[in-house]
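Protein chains: 2
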Amino acid sequence: MTYCVGLLLQEGMVLLSDTRTNAGVDNIATYRKMFTFEDPGERVIVIMTAGSLSVTQTAIARLREAAESPEGEGADSILRANSMLAVAEIVGRTLSDVSAEITDKMNRMKQAATASMIVAGQRRGGAMRMFLVYPEGNFIEAIEDTPYLQIGEHKYGKPILDRVVTPATSLVDGQKAVLLSMDSTLRSNLSVGMPLDLAVIRRDDCRVSDRRRIEAGDPQFAQMSEAWSDALRDGFTRIRI
Amino acid sequence: MTYCVGLLLQEGMVLLSDTRTNAGVDNIATYRKMFTFEDPGERVIVIMTAGSLSVTQTAIARLREAAESPEGEGADSILRANSMLAVAEIVGRTLSDVSAEITDKMNRMKQAATASMIVAGQRRGGAMRMFLVYPEGNFIEAIEDTPYLQIGEHKYGKPILDRVVTPATSLVDGQKAVLLSMDSTLRSNLSVGMPLDLAVIRRDDCRVSDRRRIEAGDPQFAQMSEAWSDALRDGFTRIRI
Chain V
2 MTYCVGLLLQ EGMVLLSDTR TNAGVDNIAT YRKMFTFEDP GERVIVIMTA
52 GSLSVTQTAI ARLREAAESP EGEGADSILR ANSMLAVAEI VGRTLSDVSA
102 EITDKMNRMK QAATASMIVA GQRRGGAMRM FLVYPEGNFI EAIEDTPYLQ
152 IGEHKYGKPI LDRVVTPATS LVDGQKAVLL SMDSTLRSNL SVGMPLDLAV
202 IRRDDCRVSD RRRIEAGDPQ FAQMSEAWSD ALRDGFTRIR I
Chain P
2 MTYCVGLLLQ EGMVLLSDTR TNAGVDNIAT YRKMFTFEDP GERVIVIMTA
52 GSLSVTQTAI ARLREAAESP EGEGADSILR ANSMLAVAEI VGRTLSDVSA
102 EITDKMNRMK QAATASMIVA GQRRGGAMRM FLVYPEGNFI EAIEDTPYLQ
152 IGEHKYGKPI LDRVVTPATS LVDGQKAVLL SMDSTLRSNL SVGMPLDLAV
202 IRRDDCRVSD RRRIEAGDPQ FAQMSEAWSD ALRDGFTRIR I
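Protein sequence lines, in the order shown, are assigned to chains V and P. The number in this note's numbering is simply the position in the first sequence, starting from 1, with 1 added. The number in this note's numbering is simply the position in the second sequence, starting from 1, with 1 added.
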């Protein structure tokens with residue numbers, strides 16, 4: 002499985018994904034699940050993926066090809082689409098097409114291959130927006146009431162987000178929140194694994210403002226994880242029932 | 002859905018279940034999911050259930066009927082079985098039979114009805130044991146390495162258990178751990194709801210040593226939940242990244 006989470010905050014957007022892919026527990030590999038499409042200062046789109054690797058790789062490859070095709074071609078270029086809504090529609094259509102094609106092949110084996118995606122971005126003059134695209138190609142959007150979206154193994158890391166994230170959360174606290182949310186997931190579910198990809202898009206920057214790969218054994222992440230465990234245990238000890 | 006959790010500790014066992022049942026989100030009701038079979042001082046068995054209410058009610062009713070049948074009848078009496086292993090086998094067989102019968106009826110509608118159970122108990126002179134019985138009737142057992150079992154919506158409340166529960170955890174801390182695990186689940190998933198049923202079985206007591214129904218608005222639970230939120234927010238604030 003996978004865990005990806007995105008926050009839509011007043012100051013900007015915070016995105017975090019793991020990299021573990023597995024075909025059964027005996028076939029584990031590391032694959033990037035965060036993809037950037039950027040015309041720096043003009044437009045930034047980050048896509049995170051969960052689901053069948055054969056679907057997500059093909060869908061991302063088609064989106065990349067369309068985005069890099071010469072002007073005039075590629076009506077489906079997410080780098081030339083008129084709005085983030087149009088971007089979500091293109092991603093949804095592509096995902097749904099690829100998913101249908103591959104499921105067609107898989108049908109012979111009575112299996113299905115699906116995937117979902119988080120699409121986050123902003124183009125100059127437009128609003129920051131973040132969408133969760135379902136396997137069927139339809140999508141929902143993060144809003145003030147629910148300023149985060151998750152795909153993959155989302156349950157372990159949800160309680161911390163529910164408690165601390167609001168649209169007014171700072172970008173620094175937002176990074177802390179998604180990293181702790183990921184930490185809980187990593188501890189409780191083997192199918193989610195290091196390294197992690199973290200990206201921050203500041204409001205109106207229209208580029209990835211900050212990007213970091215966090216490797217297994219990263220001292221800063223280990224320290225934060227340790228401090229969080231201590232805080233939980235301390236809190237647990239102090240509570241009386 | 003449901004959330005039930007059981008701890009197998011050196012001092013005894015701690016069991017907690019919610020009571021929410023729903024057939025769609027527009028049809029929510031309160032049903033007990035914790036059932037006690039007791040010959041105080043001689044034998045105690047507590048069963049917690051998750052899954053289709055039609056399956057769990059019928060299975061519990063049959064177990065109850067067999068347990069209360071006169072001596073000589075009822076080879077399937079869990080109150081007369083020779084060991085907790087035999088109890089788990091009887092529960093597994095009953096669950097699997099009921100599930101198959103009901104699924105047979107449901108098949109006409111292309112639906113299935115399944116359930117799983119946690120069975121915990123001790124008879125005088127025997128060991129405390131706790132089993133998770135799957136819909137098919139097979140089961141696994143809690144052991145030192147993994148001293149807890151969960152059924153239903155288990156993911157939200159797993160991180161706290163993974164961090165604080167070991168076999169050496171006291172019964173008081175065990176109760177705190179399952180209540181906080183439930184608290185995280187209640188906050189993040191509407192299909193799990195108050196009131197809660199909490200039971201404690203002290204080692205060699207061979208009876209339910211302590212039993213409590215925690216109603217919505219219970220001041221002690223509310224206070225604990227609040228203190229935990231504060232501890233999490235404090236811890237979150239203090240951590241630096």
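Ideal Cβ positions, reconstructed from N, Cα and C, are used throughout, including at glycine.
| Check | Outcome |
| --- | --- |
| Can you confirm whether Ile240/V, when its beta carbon is compared against all beta carbons of chain P, has any partner nearer than 8 Å? | yes |
| Can you check DSSP and say which residues form a bridge with Arg214/V? | Asp198/V |
| Are the beta-carbon atoms of Ile48/V and Ile29/V separated by less than 8 Å? | no |
| Can you list, in chain order, the residues of its chain whose CB lies under 6 Å from that of Ala200/P, leaving out five sequence neighbours each side? | Leu16, Val47, Val209 and Arg212 |
| State the Cα-Cα distance for the pair Met129/V and Asp163/V, rounded to the nearest angstrom. | 21 Å |
| What residues from chain V crowd round Gln221/P, counting only those whose CB sits closer than 8 Å? | Ile242 |
| With DSSP run on the structure shown, which of helix, strand or coil describes Arg124/P? | strand |
| When Cβ atoms are compared, which residues of the region 181 to 204 of chain V fall closer than 9 Å to chain P? | Leu181, Asp184, Ser185, Thr186, Arg188, Ser189 and Asn190 |
| Where does the unbroken beta strand (DSSP E) through Met131/P begin, and where does it stop? | Arg130 to Val134 |
| Answer with buried or exposed for Val166/P, where buried requires no fewer than 16 other C-beta atoms within 10 angstroms of its C-beta. | buried |
| Buried or exposed, going by whether 16 or more other CB atoms sit within 10 Å of the CB of Ile202/V? | buried |
| CB Cys5/V to CB Ile161/V, shorter than 8 Å? | no |
| Which whole-angstrom value describes the C-beta separation of Gly158/P and Ser182/P, a residue pair presumed to lie in contact below a C-beta threshold of 8 Å? | 3 Å |
| Counting Cβ pairs closer than 8 Å, one from the region 131 to 142 of chain P and one from the region 88 to 106 of chain P, do we hit at least three? | yes |
| Residues in its own chain within less than 8 Å of Glu43/P by CB, not counting five upstream and five downstream? | Arg124, Arg125 and Cys207 |
| What in chain V is Cβ-close to Ala232/P, meaning under 9 Å? | Ala232, Leu233, Asp235, Gly236, Phe237, Arg239 and Ile240 |
| In this structure, how does DSSP classify Asn108/V when only helix, strand and coil are distinguished? | helix |
| Quickly, what does DSSP pair Cys5/V with across the bridge? List them, please. | Ser18/V and Ile152/V |
| Using the Cα positions of Thr31/P and Ala116/P, report the straight-line distance between them to the nearest angstrom. | 17 Å |
| So Pro148/V contacts chain P; which residues on that side make the cut at Cβ distance below 8 Å? | The contacting residues do not exist; Pro148/V stays about 15 Å from chain P at best. |
| Would you kindly check if the distance between the Cβ of Lys34/V and the Cβ of Thr3/V is under 8 Å? | yes |
| State buried or exposed for Glu145/V, treating a residue as buried only when at least 16 other CB atoms are found within 10 Å of its CB. | exposed |
| Around the C-beta of Ile141/V, are 16 or more other C-beta atoms found within 10 angstroms, so that it is buried, or is it exposed? | exposed |
| So for Ser78/V, helix, strand or coil by DSSP? | coil |
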